[in-house]
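In the UniProt record's numbering, the protein residues as written are 1 to 190.
Each remark here refers to the structure printed beneath this line.
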């Protein structure tokens with residue numbers, strides 16, 4: 001499988017922070033369940049559920065990282081027939097969820113948390129213009145919101161997988177910085 005393939009599918013989560021729209025991409029294993037509804041495979045297959053419910057559960061955790069001036073606006077499910085196929089839009093979920101952190105968004109900030117998968121691969125959770133100060137580095141165990149995110153992403157009900165398709169087993173490192181691409185995009189001198 002090509003190393004950058006999101007096969008067999010992914011969820012795009014759209015959110016606003018600091019006056020900018022951002023997209024978070026979550027690799028997933030979608031399938032059509034009983035009645036033709038889209039489901040996502042959970043880490044513990046007993047917990048498979050319709051994709052909208054699983055994404056809503058993730059949003060409940062994600063919103064605690066997002067400043068309260070930001071909002072999560074929608075999610076989209078995309079599927080791929082093969083690792084090299086063009087992604088196909090499958091479904092959309094309108095959302096109107098506000099962030100819950102009483103903090104000014106970190107302008108042009110990027111937080112990435114690297115996770116190891118059960119099959120040896122890696123997944124990088126990335127959030128833009130959230131609540132983490134720039135130029136920080138941390139190693140597990142994490143406290144606060146990143147502890148909650150790590151617990152969710154490695155838990156039995158998580159639907160997020162690494163690009164190799166393996167379920168997430170452990171966080172490795174958190175790194176926050178100023179995102180130079182955002183700086184160029186918004187023509188700011190941060």
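Backbone N, C-alpha and C fix where the C-beta goes; we use that ideal spot for every residue, glycine too.
* Asked: Under 8 Å, do residue 155 and residue 63 count as touching if we go by C-beta distance?
  -> Position 155 of the chain shown, counted from the first residue, corresponds to residue 155. Position 63 of the chain shown, counted from the first residue, corresponds to residue 63. Not closer than 8 Å, so no.
* Asked: Nearest to residue 144 by alpha carbon, out of 96, 101, 166 and 167?
  -> Your numbering for residue 144 matches position 144 in the chain shown. Ranking 96, 101, 166 and 167 by Cα distance to residue 144 puts 101 first.
* For residue 152, three-class secondary structure by DSSP -> Mapped onto the chain shown, residue 152 falls at position 152. Of the three classes helix, strand and coil, the one that applies to residue 152 here is helix, per DSSP.
* Beta-ladder partner(s) of residue 124, from DSSP -> Taking the first residue of the chain shown as 1, we reach residue 124 at position 124. In DSSP, residue 124 forms a bridge with 114.
* Alpha carbon of residue 83 to alpha carbon of residue 97, nearest angstrom -> As a first step, residue 83 must be located in the chain shown, where it is residue number 83. As a first step, residue 97 must be located in the chain shown, where it is residue number 97. The straight-line gap from Cα to Cα measures roughly 32 Å.
* Asked: Using DSSP with H/G/I as helix, E/B as strand and the rest coil, what is residue 103?
  -> As a first step, residue 103 must be located in the chain shown, where it is residue number 103. In the structure shown, residue 103 sits in coil (DSSP, three-state: anything other than H, G, I, E or B).
* **Limits of the unbroken alpha helix (DSSP H) element including residue 15** => Working through the chain shown from its first residue, we reach residue 15 at position 15. Looking at the DSSP string, residue 15 is not in any alpha helix (DSSP H); the run it does join, the beta strand (DSSP E), is 9-17.
* To do: Could you spell out the range, first to last residue, of the alpha helix (DSSP H) harbouring residue 29?
  => Taking the chain shown and counting its residues from 1, the one referred to as residue 29 is at position 29. Unbroken run through residue 29: none, as it is neither H nor E.
* To do: Would you identify the three-state DSSP class for residue 78, choosing helix, strand or coil?
  => The residue labelled residue 78 in the question sits at position 78 within the chain shown. Residue state, collapsed to three classes: strand.
* Asked: residue 150: buried (16+ other C-beta within 10 angstroms of its C-beta) or exposed?
  -> In the chain shown, residue 150 corresponds to position 150, counting from 1. So residue 150 counts as buried.
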